[in-house]
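Below is one structure, written out as structure tokens; the observations come after it.
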Amino acid sequence: MNRLAKETSPYLLQHAQNPVDWFPWGKEALDKAKAENKPILVSIGYSACHWCHVMEHECFEKEDVAEVMNRFFVNIKVDREERPDVDAVYMDAVQAMGVHGGWPLNVFLMPDGKPFYGGTYFPKNNWLRLLNAVNTGFKNSQEELQKSADGFTQNMLFKDSVKYGLEPESQIFTKEDLQVMAYKLADTFDDVWGGFQRSPKFPMPSIWAFLLRYIHETKDERLLNHVKLTLNRMAIGGIYDQLGGGFARYSVDGEWFCPHFEKMMYDNGQLVSLYSEAYSLTGEALYKEVVYETVAWLKREMTSEEGGFFSALDADSEGVEGKYYVWTKDEIEAILGDEAEAFCENYQVTAQGNWEYGVNILWKYEPTLNEQFKGQIAKLNTIRNTRIRPGLDDKILCSWNALMLKGLVDAYRVFDDENFLTLAVQNAHFIKDKFLVGEQLMHSYKNGETKIQGFLEDYAALIDAYINLYQATFDEIWLHYAEKLSLYTYQNFWDEEDGLFFFTDKNAEELIARKKEIFDNVVPSSNSIMARNLYTLGLILEREDFLALSKLMLSKMKNLLLKNVDYLTNWACLATQMLSKTPEIAIVGKDSLTFRKQFDQHFFPNKVLSGTATISKLPLLENRSAKEDETLIFVCYDKTCQLPVKTVVEAWEQIGK
Numbered sequence: 001m002n003r004l005a006k007e008t009s010p011y012l013l014q015h016a017q018n019p020v021d022w023f024p025w026g027k028e029a030l031d032k033a034k035a036e037n038k039p040i041l042v043s044i045g046y047s048a049c050h051w052c053h054v055m056e057h058e059c060f061e062k063e064d065v066a067e068v069m070n071r072f073f074v075n076i077k078v079d080r081e082e083r084p085d086v087d088a089v090y091m092d093a094v095q096a097m098g099v100h101g102g103w104p105l106n107v108f109l110m111p112d113g114k115p116f117y118g119g120t121y122f123p124k125n126n127w128l129r130l131l132n133a134v135n136t137g138f139k140n141s142q143e144e145l146q147k148s149a150d151g152f153t154q155n156m157l158f159k160d161s162v163k164y165g166l167e168p169e170s171q172i173f174t175k176e177d178l179q180v181m182a183y184k185l186a187d188t189f190d191d192v193w194g195g196f197q198r199s200p201k202f203p204m205p206s207i208w209a210f211l212l213r214y215i216h217e218t219k220d221e222r223l224l225n226h227v228k229l230t231l232n233r234m235a236i237g238g239i240y241d242q243l244g245g246g247f248a249r250y251s252v253d254g255e256w257f258c259p260h261f262e263k264m265m266y267d268n269g270q271l272v273s274l275y276s277e278a279y280s281l282t283g284e285a286l287y288k289e290v291v292y293e294t295v296a297w298l299k300r301e302m303t304s305e306e307g308g309f310f311s312a313l314d315a316d317s318e319g320v321e322g323k324y325y326v327w328t329k330d331e332i333e334a335i336l337g338d339e340a341e342a343f344c345e346n347y348q349v350t351a352q353g354n355w356e357y358g359v360n361i362l363w364k365y366e367p368t369l370n371e372q373f374k375g376q377i378a379k380l381n382t383i384r385n386t387r388i389r390p391g392l393d394d395k396i397l398c399s400w401n402a403l404m405l406k407g408l409v410d411a412y413r414v415f416d417d418e419n420f421l422t423l424a425v426q427n428a429h430f431i432k433d434k435f436l437v438g439e440q441l442m443h444s445y446k447n448g449e450t451k452i453q454g455f456l457e458d459y460a461a462l463i464d465a466y467i468n469l470y471q472a473t474f475d476e477i478w479l480h481y482a483e484k485l486s487l488y489t490y491q492n493f494w495d496e497e498d499g500l501f502f503f504t505d506k507n508a509e510e511l512i513a514r515k516k517e518i519f520d521n522v523v524p525s526s527n528s529i530m531a532r533n534l535y536t537l538g539l540i541l542e543r544e545d546f547l548a549l550s551k552l553m554l555s556k557m558k559n560l561l562l563k564n565v566d567y568l569t570n571w572a573c574l575a576t577q578m579l580s581k582t583p584e585i586a587i588v589g590k591d592s593l594t595f596r597k598q599f600d601q602h603f604f605p606n607k608v609l610s611g612t613a614t615i616s617k618l619p620l621l622e623n624r625s626a627k628e629d630e631t632l633i634f635v636c637y638d639k640t641c642q643l644p645v646k647t648v649v650e651a652w653e654q655i656g657k
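Under my numbering, read the sequence shown as residues 1 to 657, first letter to last.
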């Protein structure tokens, strides 16, 4: 047993029995490397990572490999989900070396922590050769390696504004700019299977969220049809768990058929938001079913007794990827009897198997509803629940919880289901009580212990979720916390010189480089989320300082957005919002929440809502009141309000909808 036995991360605990003398990331390991003048091996992964498990089994569990690693290196194991700051620094370095990044990520550092070589997965013989080669190089050419490491580190210290030419643009986005971005995305659409012409395929929720907003502004039928095609194909594909709800991280093929079976909280939180929004625009019953099934999975399998949401389910069970989820036709026929034929036809089950080793991944070619087969699904789930389950990563991360919290609130606002709100409010209080320590957020929670200082992703995602929760409930406590956290973020993460936020708190552990996150990926960048937060809060609270920061951040991104929108679509959502004036809707009176529900029945993302049943000191509500038996709606733009009206229909007329 090594030092990882004292950790709480399931990923680190998976390696606690390795013969490798692993250290967790921290001062002890870094000091040891300097004192003994040894190179450092940092191996980074996460608990649901299939190839991380493979490399552990082939390499880190082997005595002969461990002997070489322990003799020549100080070995550090990192959970990338607990330490995204460490992962970002060394992933950036490896990519600068010309290596395609991924996990497991294995990086060799000089004793001062600067990287000089790295890669991803290595089979045993290759790994042993590499270990010996690195050791020889370090012994014979330490000075040259140090120069190389200094160079890679220096490259990481360039300001993002310099690296990407981010200069504020005085001209705000135009309709033509948005069209350029939308049609640049459309250039590589897969018109048969949805998404883009590539594999593997990742859901990328912010891309479809941007296109929904662009479609709402332009009524572009071609783009709407493609978004619907994509959401349909994902919902009926193998990437979606047809029996239990919830999405896998990605599809290894171009047809959304074969998932990489791990289920991540961050994907599912965003996809609950996306499918809820898409339903409010299209009314597609399939999208409602996806939301309800995914939330049922969340509540059933991923929610702690305290109200937190666990991080992930593993891709593997019994050491085999996907074993928990796949079926032979014989198994299904034995369980369903006469009902098997129709089920197998609908879910593409064949006697020879539609995947490898004669087994079937359940998927649908046409967008039928699972509701039609609920009896058969219940029977299969009864049997599936007796199987050995995939491993659960039961650490609870602030940022990922916030993404799901926002998803639940979005679902509540669209479907008006109190069960969604109950789960959301429970989680909102859990985050407040467990992660907020004084003015600071923490990042990770498990077994009653909160640890690791919060990153920008934690603040950004939670502020976003709390703003949304306020607009759904008009409970001002959530708006108060959103403002308080935003002020802390500005004071401790803002880079005045670059006009963007750092990923790490100025009071946090100092790494070899202090990074910024500006590109939207599977999860939107923390800077783009903060820019949107500041815009929304600026309107609700009438804070010109927040609005000015948001506009500055977006203006710096304009040229990059027009050239490379693929990984900047959450920024593009903000650009769409700023293109036309945002209605600030204030609702005062006993039916304020009822009217809020009526506003949320239609897809209209470019609005902010404030409300009170009585009186409030919020800027949009202050000095506004209604008679005891009435409710008034004020539609405002730029601090100027139109005459109050008494129905949502009249308010929509004032807005021009």
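Each residue gets a CB set at the ideal place from its N, CA and C atoms; glycine is no exception.
Compute every distance between the C-beta of residue 452 and the non-hydrogen atoms of the ligand SAH, then say whether any falls below 7 Å. In the structure shown, the ligand SAH is absent, as is every other ligand, since no ligand is present at all.
Using a Cβ-Cβ distance under 8 Å, would residue 448 count as near chain B? Of the chains in the structure shown, none is chain B; there is only one protein chain.
Coarse secondary structure for residue 312, derived from DSSP in three states: strand
Between the stretch 155-175 and the stretch 207-215, do at least 3 Cβ pairs fall closer than 8 Å? no
Whole-angstrom distance between residue 625 and residue 522, CA atom to CA atom: 44 Å
Taking the C-alpha atoms as reference points, what is the distance between residue 13 and residue 555? 45 Å
Beta-carbon proximity of residue 621 to residue 575, cut-off 8 Å: no
Alpha-carbon spacing of residue 80 relative to residue 46, whole angstroms: 6 Å
So what's residue 99 in DSSP terms, helix, strand or just coil? coil
Quick check on DSSP: helix, strand or coil for residue 242? coil
For residue 620, does the three-state DSSP call read helix, strand or coil? coil
Thinking residue 591 and residue 631 are a contact (beta carbons under 8 Å), I'd like their distance in whole angstroms, please. 4 Å
Tell me the start and end of each unbroken alpha helix (DSSP H) in the stretch 325-398 that is at least 4 residues and wholly inside, in chain order. 329-336, 340-346, 374-384
What number of angstroms, rounded off, separates the C-alpha of residue 282 from the C-alpha of residue 275? 10 Å
Unbroken alpha helix (DSSP H) run spanning residue 127, endpoints: 124-140
Which partner residues does residue 260 have in the DSSP bridge list? 250
Between the Cα of residue 21 and those of 43, 37, 290, spot the shortest distance and give me the residue it belongs to. 43
Below 8 Å on the Cβ atoms is my guess for residue 495 versus residue 501; work out the distance and round it to an integer in Å. 7 Å
Look up residue 272 in the DSSP assignment and give the residues it is bridged to. Its beta-bridge partners do not exist; DSSP assigns none.
Any idea if residue 156 is buried or exposed, counting beta-carbon neighbours within 10 angstroms, 16 or more meaning buried? buried
Can you give me the C-alpha to C-alpha distance between residue 378 and residue 242, rounded to a whole angstrom? 11 Å
Does the Cβ-Cβ distance between residue 355 and residue 320 come in under 8 Å? no
Is the beta carbon of residue 640 sitting closer than 8 Å to the one on residue 607? no
Looking at C-alpha atoms only, which residue of 465, 349, 147, 443 is the closest neighbour of residue 411? 465
For my contact list, residue 485 and residue 409 are in at a C-beta cut-off of 8 Å; report their separation, rounded to the angstrom. In fact, because the Cβ distance is near 17 Å, the residues do not count as touching under 8 Å.
Through-space distance from residue 306 to residue 634, alpha-carbon basis: 39 Å
Please report the distance separating the alpha-carbon of residue 435 from that of residue 39. 35 Å
N-terminal and C-terminal residue of the alpha helix (DSSP H) that residue 538 is part of: 526-541
N- and C-terminal bounds of the alpha helix (DSSP H) containing residue 565: Looking at the DSSP string, residue 565 is not in any alpha helix (DSSP H), and its letter there is neither H nor E.
Using the Cα positions of residue 512 and residue 106, report the straight-line distance between them to the nearest angstrom. 17 Å
How close, in whole Å, do the beta carbons of residue 259 and residue 239 come, if the pair is a contact with beta carbons under 8 Å? 5 Å
Expected contact under 8 Å - CB spacing of residue 131 and residue 69 to nearest Å: 6 Å
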